[in-house]
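In UniProt numbering, the protein residues as written are 1 to 625.
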């Protein structure tokens, strides 16, 4: 009996010890989980990243991080969940029931709201100063600001709640803009960020936006693109798309318009592709400049396989035309004739050389490589139809890259939108120079095609592009869109476009305007050409203004000083052109005259004419500029 009691006692003691250890383990586990929540939250707060700024080519800021706050708490410390929910709900404009559910969480720490407004954080601080909301904590955070809103959203993209890039440059160059936490030696160590300077001219972008919106509203396309590239170095000066979204409030807009259309959309280029086809054939040496072909509206060819190919020209000249005439009349029949001169393989390889069928490598996520089926899978009509812009899918950035071959003496330029990267001290880390990819055609061929494109404007179907004292090379395109349901070309949906390279003799700019699915007018000559002309007029107007300003301030120009006597105290001399310093030396002698000076720089205007007797002047106002 005694032995059984002792044995039972020992067993109970062991069970009690075991249960105690188990309970302690469970308690420590939950404490550890809570502490991990705290540690994780604390680390995340310390790791809230500041990002570098994004600037345009002239140093105007288009994206920056502003200090803000996020609200968090340990729900386990909230004593009165109902009161706290109602108070915070009124400040943050959140339903109290939603906050009540959040504050009932068993987690160690939670965010209540990220990136609160200054007014919200100030109101919480004021209430806390009264002894309420003590367990609600304002944590430092950053809010990304895009001051130009919709104007640059297709380029910058945007960041998410944790300041990580989710679209555009913000995503593709996220590691450059963000602090590199892998280099952080301690949680409190401050890390540096990098700034990005784009090639974009925000003033030009703003002006083109006004032009584009007018045409967008008139023709109501599904979307529109207008791009201006420097023909000499490949820098993108303006890249505009419609419809637009405000990157500050990106979540309020459909995801379909978050992408950069210039790199992500694939479409058939239509007749614009004829300029590259003519260039390929001329450069092959098999097509002569004076060679002529009959375009009576129809081309037919029967292959050994029995396949019969029929190609038609919409408005044929019913005459013999040379290569220039093929572009002037936008002759599909002419393209069919000249592509007969080369093999499928040769033509395919030359299209690849022009950059089609592969990505440009532009710094935007989701870039398309376009569509260019291997020549081994072509049908009998493929070579001709690809030649005039069907059966091939391109992106706008591919067209610009291909056009650079014509503007740069046959050498392809890589389009670029990043000008340089600098650190926080504004020291340049990396600068992106002009990049010549390869020689595609001869200089002679490039020049001849530009001349032909000039004749398209002067003699062809783009009279709206003619400008006095300015030679413009251009080609328009109007292509049917394949209906996804039928697999055939639609009679309602079109892509309308125009490609401009100017001046013809020494190209400085490439302009590309695209309408996708316009609702009213479908022809590129009628809707894209007028818009392109307004863009040219805008650029030329700005260039003339810049040249005028340059002449005015140029230190190289020597302006002879007029031989005017300034030492007289009887009459007022002509003060125009004097510096402020020289002016003050003279005015110090006019002790009896009330003098008012406006502005700085050099004398621009004086209120009294020269040679007026000083004794007759009560007040003299001088304007400097």
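Positions of the beta carbon are idealized from the N, C-alpha and C atoms, including for glycine.
In whole angstroms, give me the CA-to-CA distance for residue i and residue j.
{"i": "residue 227", "j": "residue 477", "result": "16 Å"}
{"i": "residue 500", "j": "residue 292", "result": "26 Å"}
{"i": "residue 613", "j": "residue 619", "result": "12 Å"}
{"i": "residue 443", "j": "residue 207", "result": "34 Å"}
{"i": "residue 52", "j": "residue 115", "result": "18 Å"}
{"i": "residue 339", "j": "residue 425", "result": "56 Å"}
{"i": "residue 112", "j": "residue 105", "result": "11 Å"}
{"i": "residue 223", "j": "residue 136", "result": "46 Å"}
{"i": "residue 210", "j": "residue 241", "result": "12 Å"}
{"i": "residue 626", "j": "residue 527", "result": "Since the first residue shown for the chain is 1 and the last is 625, residue 626 is missing from the structure and cannot be characterised."}
{"i": "residue 129", "j": "residue 162", "result": "29 Å"}
{"i": "residue 322", "j": "residue 419", "result": "42 Å"}
{"i": "residue 184", "j": "residue 243", "result": "Unreliable placement is indicated for residue 184, whose pLDDT of 45 sits below 50; no coordinate value is reported for it."}
{"i": "residue 306", "j": "residue 491", "result": "29 Å"}
{"i": "residue 451", "j": "residue 406", "result": "11 Å"}
{"i": "residue 216", "j": "residue 61", "result": "27 Å"}
{"i": "residue 96", "j": "residue 73", "result": "16 Å"}
With distances taken between CB atoms, is the gap from residue i to residue j smaller than 8 Å?
{"i": "residue 610", "j": "residue 574", "result": "yes"}
{"i": "residue 515", "j": "residue 496", "result": "yes"}
{"i": "residue 356", "j": "residue 372", "result": "yes"}
{"i": "residue 449", "j": "residue 401", "result": "no"}
{"i": "residue 462", "j": "residue 529", "result": "yes"}
{"i": "residue 489", "j": "residue 517", "result": "no"}
{"i": "residue 327", "j": "residue 453", "result": "yes"}
{"i": "residue 335", "j": "residue 194", "result": "no"}
{"i": "residue 172", "j": "residue 415", "result": "no"}
{"i": "residue 155", "j": "residue 168", "result": "yes"}
{"i": "residue 599", "j": "residue 583", "result": "no"}
{"i": "residue 50", "j": "residue 139", "result": "no"}
{"i": "residue 498", "j": "residue 536", "result": "no"}
{"i": "residue 270", "j": "residue 479", "result": "yes"}
{"i": "residue 621", "j": "residue 596", "result": "yes"}
{"i": "residue 145", "j": "residue 66", "result": "yes"}
Tell me, please, which residues DSSP counts as bridged to residue i.
{"i": "residue 300", "result": "310"}
{"i": "residue 499", "result": "475, 512"}
{"i": "residue 391", "result": "Per DSSP, none; premise fails for residue 391."}
{"i": "residue 420", "result": "197, 431"}
{"i": "residue 52", "result": "According to DSSP, residue 52 bridges with nothing at all."}
{"i": "residue 167", "result": "158"}
{"i": "residue 230", "result": "509"}
{"i": "residue 223", "result": "516"}
{"i": "residue 72", "result": "111, 137"}
{"i": "residue 116", "result": "69"}
{"i": "residue 238", "result": "228"}
{"i": "residue 413", "result": "436"}
{"i": "residue 63", "result": "54"}
{"i": "residue 603", "result": "624"}
{"i": "residue 210", "result": "BP columns for residue 210 are empty, so no partner."}
{"i": "residue 595", "result": "620"}
{"i": "residue 467", "result": "470"}
{"i": "residue 293", "result": "321"}
{"i": "residue 482", "result": "489"}
{"i": "residue 93", "result": "DSSP lists no partner for residue 93."}
Which word fits residue i, buried or exposed, when buried means at least 16 other C-beta atoms lie within 10 angstroms of its C-beta?
{"i": "residue 423", "result": "exposed"}
{"i": "residue 230", "result": "buried"}
{"i": "residue 337", "result": "buried"}
{"i": "residue 629", "result": "As displayed, the chain neither begins before 1 nor continues past 625, which places residue 629 out of reach and without an answer."}
{"i": "residue 324", "result": "buried"}
{"i": "residue 385", "result": "buried"}
{"i": "residue 235", "result": "buried"}
{"i": "residue 101", "result": "exposed"}
{"i": "residue 272", "result": "buried"}
{"i": "residue 308", "result": "exposed"}
{"i": "residue 417", "result": "buried"}
{"i": "residue 199", "result": "buried"}
{"i": "residue 295", "result": "buried"}
{"i": "residue 606", "result": "buried"}
{"i": "residue 353", "result": "buried"}
{"i": "residue 289", "result": "exposed"}
{"i": "residue 670", "result": "Coverage of the chain is limited to positions 1 through 625, which leaves residue 670 absent and any answer about it impossible."}
{"i": "residue 40", "result": "The pLDDT assigned to residue 40 is 41, lower than 50, so where the model puts this residue is not dependable; a value taken from the coordinates is nonetheless given after this. When all chains shown are included, residue 40 counts as exposed."}
Check the Cβ-Cβ distances between residue i and every residue of chain E, and say whether any is below 8 Å.
{"i": "residue 496", "result": "The structure shown contains no chain E; it is built from a single protein chain."}
Could you say if the stretch 136–154 and the stretch 243–254 meet the contact criterion of at least three C-beta pairs nearer than 8 Å?
yes
So does the stretch 468–485 actually touch the stretch 255–266, counting three or more Cβ pairs closer than 8 Å?
No contact exists between the stretch 468–485 and the stretch 255–266.
Any contact of the stretch 310–321 with the stretch 268–284, i.e. 3+ C-beta pairs under 8 Å?
no
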